[in-house]
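Engineer:
Residue numbers (our numbering): 6 to 438.
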């Protein structure tokens, strides 16, 4: 404040509460006068209020690593001149007028907001239809969160809880270990916009946990064992009632198959019972890495067209009616790219017209299911344009399905053909028991 005053910048000191991803603030904000645990500044620059938190930007702050992935030798630039509407996700002023939000928001609402870290704003993520009731689970409910992302981003999610220990007398108390359980985060296209659908449950009967969503450039993650993306969003989960064990299917990163976005519609549970028949359904959409250079702007006024169709960087989003490039087929897989693949025999004549009128009834499926013994079961394209139904919630792209009776116990895998080679890549796993 003294430095700003010396150069004629209006500045004030703000006392309040700093919210970190794993911290509960309900007890603090419930008090008549919440106890401040952090101080920061508010300045006026170019006629607008901005938030400056020099302490949290410093690598020496003990809580900086919880909110930022910046290195230990550099300051976190996000905490300089933050908009008040962005700072309120982590900073709760003691005085409502120091929020510099018109009208001021109650402390209970600010505490209920998810903890948004710097990558959330840098990557342009946006929660869609968010409500705190989505995070308060009962019995067999699961958390279901939708996040809008840029075309070249991917998200990874997990649930983090404090482990419990049973002593010799049967008493249960919280231990010092942290238990992490993978959540199901899958890309889906709706109205020409890319979303990530995140589903999560708590590992056991802990009652409380944190759903953490990591975001970064698509293709950087090569293995489930190492996550290169920084933390973007943290949402507190609570659960009451019975919570039987449940695991989602394992989604593997596919660095060699980046020209499409795949959403496993069913089955989404990891364990499947043998000698039962299951419908394997995959939704496919060409990703921006392949379609942005080839697909023109979306058809004006057509199903799925949207006033927000252009992406955040100004480029048009991929055309949901355009077939993915032939890197997923057996026609031409040159590194320089090729023409769009031909529709299969079960595609209607109208769908063929949208794809340039090509035809090849012998073209194999691009997606498949592999049995534990290695048998390959091709998926068949069932629906060319999900958005053709006129319902935006149906999504964009293509539906691939196959019906399989699981007669083999072991690991069943979902396969997709690589971009530039005739090799299968594993993007999903189930366990038949």
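Note that beta-carbon positions come from the ideal geometry of N, C-alpha and C, so glycine has one too.
Since the structure is predicted, the reported quantities are computational estimates derived from the model, not experimental observations.
With contact counted as at least three CB pairs below 8 Å, one residue from each stretch, are the stretch 227-235 and the stretch 246-254 in contact?
Structural biologist: Touching, no.
Engineer: Just confirm the distance between the C-beta atoms of residue 150 and residue 139, as a whole number of angstroms; I'd bet it's less than 8 Å.
Structural biologist: 6 Å
Engineer: Using the Cα positions of residue 109 and residue 54, report the straight-line distance between them to the nearest angstrom.
Structural biologist: 14 Å
Engineer: Grab the span of the alpha helix (DSSP H) containing residue 42 for me, first residue to last.
Structural biologist: That residue, residue 42, is in no alpha helix (DSSP H); it is neither H nor E in DSSP.
Engineer: Provide the residue span of the alpha helix (DSSP H) that contains residue 148, from first to last.
Structural biologist: Unbroken run through residue 148 is the beta strand (DSSP E), 148-153; no alpha helix (DSSP H).
Engineer: Between which two residues does the alpha helix (DSSP H) harbouring residue 383 extend?
Structural biologist: Here residue 383 belongs to no alpha helix (DSSP H); instead the beta strand (DSSP E) covers 381-383.
Engineer: What would DSSP say about residue 275, mapped onto helix, strand or coil?
Structural biologist: coil
Engineer: Am I right that residue 94 and residue 62 are in contact with their C-beta atoms under 8 Å? What's the rounded C-beta distance?
Structural biologist: Residue 94 to residue 62, Cβ: 16 Å. No contact.
Engineer: Is residue 245 buried or exposed, if buried means 16 or more other CB atoms sit within 10 Å of its CB?
Structural biologist: exposed
Engineer: Taking just the CA atoms, how far does residue 102 sit from residue 257?
Structural biologist: 47 Å
Engineer: Within 10 angstroms of its Cβ, does residue 373 collect 16 or more other Cβ (buried), or is it exposed?
Structural biologist: So residue 373 ends up on the buried side.
Engineer: If we ignore side chains and look at the alpha-carbon of each, how far apart do residue 421 and residue 60 end up?
Structural biologist: Distance from the CA atom of residue 421 to the CA atom of residue 60, rounded to whole angstroms, is 48 Å.
Engineer: How about residue 157 and residue 223: are their beta carbons less than 7 Å apart?
Structural biologist: yes
Engineer: Which residues mark the beginning and the end of the alpha helix (DSSP H) in which residue 122 is found?
Structural biologist: No residue range can be given for residue 122, since it is assigned to no alpha helix (DSSP H) and is classified by DSSP as neither H nor E.
Engineer: May I have the straight-line CA-CA distance separating residue 386 from residue 266, to the nearest angstrom?
Structural biologist: 15 Å
Engineer: Pull the bridge partners of residue 186 from the DSSP assignment, please.
Structural biologist: 164
Engineer: Is residue 239 closer than 7 Å to residue 203 when the C-beta atoms are compared?
Structural biologist: no
Engineer: Rounded to the nearest angstrom, what separates residue 97 and residue 21 at their Cα positions?
Structural biologist: 5 Å
Engineer: Express the C-alpha separation of residue 14 and residue 405 in angstroms, rounding to a whole number.
Structural biologist: Cα to Cα, the separation comes out at about 60 Å.
Engineer: For my contact list, residue 414 and residue 262 are in at a C-beta cut-off of 8 Å; report their separation, rounded to the angstrom.
Structural biologist: The pair is not a contact, with the Cβ atoms about 28 Å apart (cut-off 8 Å).
Engineer: Report yes if the C-beta distance between residue 419 and residue 430 is below 7 Å; otherwise report no.
Structural biologist: In this structure, residue 419 sits away from residue 430, with a CB-CB distance that is not shorter than 7 Å.
Engineer: Where does residue 192 fall in DSSP's three states?
Structural biologist: strand
Engineer: Compare the beta carbon distance of residue 435 and residue 254 with 7 Å and say whether it is the shorter of the two.
Structural biologist: Closer than 7 Å, so yes.
Engineer: Apart from the five residues just before and just after residue 48, which ones in its own chain have a Cβ nearer than 7 Å to its Cβ?
Structural biologist: Taken in chain order, the residues that qualify are 9, 14, 15, 16, 55 and 57.
Engineer: Go ahead and label residue 427 buried or exposed: buried means 16 or more other beta carbons lie within 10 angstroms of its beta carbon, across all protein chains shown.
Structural biologist: exposed
Engineer: Can you give the Cα-Cα distance for residue 217 and residue 164, rounded to whole angstroms?
Structural biologist: 6 Å
Engineer: To the nearest angstrom, report how far apart residue 271 and residue 407 are at their CA atoms.
Structural biologist: 11 Å
Engineer: With DSSP collapsed to three states, give me the class of residue 69.
Structural biologist: helix
Engineer: Should residue 292 go down as buried or exposed, given a rule of 16 or more other Cβ atoms within 10 Å for buried?
Structural biologist: Answer is buried; the Cβ neighbour count reaches 16.
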